[in-house]
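Residue numbers for the sequence shown follow my numbering, so the first one is 11 and each next one is one higher.
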Amino acid sequence: MEVNMNLFKKWTAVFLAVCAIVLTSSGFDMIANAATNAEYEAQLKDLNAQLEQISKEQAEIQNKINSTKNEKEKKLAEKKYLETQISNTQKKVDLTTQKIALLEKDISAKTADIEAKQNDIDTNYEIFKKRLRAAYMSGDANSLALVLDADNLGDFLTKTEVVTRIAEFDRKLINSLVNDKKQLEDDKAILDANKKDLEGTKKELDSLKSQLNTQVTAVKQQIQDISALEQEFLNDKAALQKKAKEMEAEIESIYSKLRSEGKFVGGTWGWPVPGYTNITSRYGWRFNNTDFHTGVDISGANIYGANIVASNAGRVAFVNETYKQGVGYGKYVILDHGGGYSTLYAHTSEILVKEGQVVKKGEIIAKVGSTGWSTGPHLHFEIRIDGKHQNPQSYLGYK
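This is the structure:
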C-alpha cells in the first residue's frame, strides 16, 4: 500500500525525531527498579481487573435499567388503556342511567294514564249501573209510560230503541275504556321490562367499572414498585460510576509514577483494530529488499472508519492532524507507554484523542482511514523502544 520509498524514509525520520522529543520530554532515565516495576504492574493488573469487573457490573445494571424502563412503559400503556376503558364504561353507565330516567318518566306517565283511565271506567260504570238499576226498578211502568207518551206505535218503537241503544252505548264505552286501560298496562309492562333490562346492564357496567378500577390500582402499584426498583438500579449505577472514577484515578496515579520514573506501563499488548486481523504488509524488508517496512499494515473489507484502539495503556504524546495526501503518515497518533516504549497509529481518517490525554488499553483513539501516503484504507501500526522500531507481530502474538 506504500510505494514511495524516499517519501516514506523521510517521514520515518520525522517520526524518529518525534519519538526522541517524546523520550526527552518524558524525562525517563531508563533505570528501572525491577521490584518496584513489578509491584506497579501487579497494582495495575489488580486495578484493571477491578475496573473490568465494574464495567461488567455497569453493563448488567444498565440492562436491568433498560428492562425496568421497558416494563414501566408497558405498565404505563396498560394503565392508559384501562383508564380509557373506565372512561368509555362510565360513558355507557351515564347513557344507560339517562335511558332509565327516560323510561321511569314514561312509566310514571303511563301509570298516571292508567289511573285516569281506571277513574273513567269506574265513573262510567257507576252511571251504567244506575241506569240499569233504574230500568229494572221501573219495570212495566216504564213500558206503559212509553206507550202512553207515544203518539203512535212507531213512536213507541222508536223510543224503546233509543233506550236500548243508550244501554248498548254504555256497555261499549266501558268496554272501550277497559281495552284502553289494558293497552296502557301492556305498554307499562314493556317499559318495566325495558327498565329492568337497563338496570341489569347498568349493574354489569358498574361491576366492570369496579373491576377496571381495581386493575388500575394494581397497575399503579406495580408502576410505583418498578419505579422504586429503577431508582435502586440508578443509584447502583451512580455508585459504580463513582467507584470506576476512583479506580481510574488510582490507575492514572500509577501511570504518572511510571512516567516520572521512566518505567514501562507493563502488561500485554492488544490488537489495535478489533475485528480486522489481516496483515497486508508485514514488518521487515520488502520490494526486493529495497525498502524496510517499520511496522505492519492491517486491512480488510469495509475497514474504513473502523475503530482503532490503544494497544496498551499510556499517554497521548503526539497528534498530527495536518497532512498532504500522498505524503507521509497522514493523520497519525503516537502513544507513550513509559520506559521508552511508544506506538504509532498512522493513515487515520479521524483522531479522537488529544495530546497529554491518558488512555487505557483498548480505548478508542482514532478511526481507520487512507490519509497520507496510502493506496487504500488501512492502519499502519508500529511499536518502538527508545525510538527503535520493533516487530509488532512479536508483541501482538501474530504469527
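Positions of the beta carbon are idealized from the N, C-alpha and C atoms, including for glycine.
1) To which residues of the same chain is Asp-202 closer than 8 Å at the C-beta, ignoring the five residues directly before and after it?
2) Can you say whether Asn-312 is buried or exposed, counting buried as having 16 or more other CB atoms within 10 angstroms of its CB?
3) Tell whether a beta-carbon distance below 8 Å holds between Ile-75 and Lys-253.
4) Three or more C-beta pairs closer than 8 Å, one from the stretch 328–345 and one from the stretch 298–313: is that the case here?
5) Count the other C-beta atoms from every protein chain shown that fall within 10 angstroms of the C-beta of Glu-392, then say buried if there are 16 or more, exposed otherwise.
6) Do Thr-287 and His-388 count as a contact pair if the criterion is CB distance below 8 Å?
7) Distance, Cα to Cα, Ala-228 vs Asn-73?
8) Could you check if Asp-307 is buried or exposed, using at least 16 other CB atoms within 10 Å of its CB as the buried criterion?
9) Who are the Cβ neighbours of Gly-315 in its own chain at under 7 Å, not counting the five residues just before and after it?
10) Should Thr-99 and Lys-219 be called a contact, given that it needs their Cβ atoms to be closer than 8 Å?
11) Could you give the distance in angstroms between the alpha-carbon of Gln-400 and the alpha-carbon of Arg-394?
12) What is the rounded straight-line gap between the Cα of Ala-69 and the Cα of Arg-296?
13) In this structure, how does DSSP classify Gln-335 when only helix, strand and coil are distinguished?
14) Give the DSSP-derived three-state secondary structure of Gln-400 in the structure shown.
15) When the Cβ atoms of the stretch 344–356 are set against those of the stretch 324–334, are three or more pairs found closer than 8 Å?
16) Between Lys-192 and Ile-137, what straight-line distance do the alpha-carbon atoms span, to the nearest angstrom?
17) Under three-state DSSP, which class holds Glu-365?
18) Give the straight-line distance between the Cα atoms of Thr-211 and Ser-97, rounded to the nearest whole angstrom.
19) At 3 residues or longer, and completely inside the stretch 282–311: list those beta strand (DSSP E) runs for me, N to C.
20) Leaving aside the five residues before and after Leu-239 along the sequence, list all residues of the same chain whose C-beta is less than 7 Å from its C-beta, in chain order.
21) Measure the C-alpha to C-alpha separation of Gly-366 and Tyr-333 and round it to an integer number of angstroms.
22) Using the Cβ count rule (16 or more neighbours within 10 Å means buried), how would you classify Lys-127?
23) Ala-111 to Glu-178, Cα distance in whole Å?
24) Exposed or buried, what is Asn-189 when buried is set at 16 or more other beta-carbons lying within 10 Å of its beta-carbon?
25) Quick one: residues in its chain with C-beta nearer than 8 Å to the C-beta of Ile-124, no 5 flanking neighbours on either side, listed in chain order?
26) Among the candidates Ser-65, Pro-402, Asn-129 and Ala-323, whose CA atom is the shortest distance from the CA of Gly-294?
27) Under the three-state reduction of DSSP, which class applies to Ala-327: helix, strand or coil?
28) Helix, strand or coil: which one does DSSP assign to Ser-217?
29) Under the DSSP definition of a beta bridge, which residues are partnered with Phe-391?
30) Closest to Val-369 by CA distance: which of His-390, His-357, Ala-259 and Lys-398 is it?
Result, derived from the coordinates:
1) The beta carbon of Asp-202 sits closer than 8 Å to those of Ile-117, all from its chain and outside the five residues before and after it, given in chain order.
2) exposed
3) no
4) Touching, no, given that fewer than three Cβ pairs across the two stretches are closer than 8 Å.
5) buried
6) no
7) 25 Å
8) buried
9) Excluding sequence neighbours, Gly-315 sits near Ser-359, Lys-377 and Val-378.
10) Going by C-beta atoms, Thr-99 is nearer than 8 Å to Lys-219.
11) 5 Å
12) 45 Å
13) coil
14) strand
15) yes
16) 21 Å
17) Glu-365 falls in the coil class under three-state DSSP.
18) 16 Å
19) 288–291, 294–296, 301–303 and 306–309
20) Thr-78
21) Roughly 21 Å separates the two Cα atoms.
22) buried
23) Approximately 43 Å between the Cα atoms of the pair.
24) exposed
25) So the list reads Lys-191, Leu-194, Glu-195 and Lys-198, once near-sequence residues are dropped.
26) Pro-402
27) strand
28) helix
29) Phe-391 is bridged to Val-306 and Tyr-355.
30) Restricting attention to His-390, His-357, Ala-259 and Lys-398, the CA atom closest to the CA of Val-369 is found in Ala-259.
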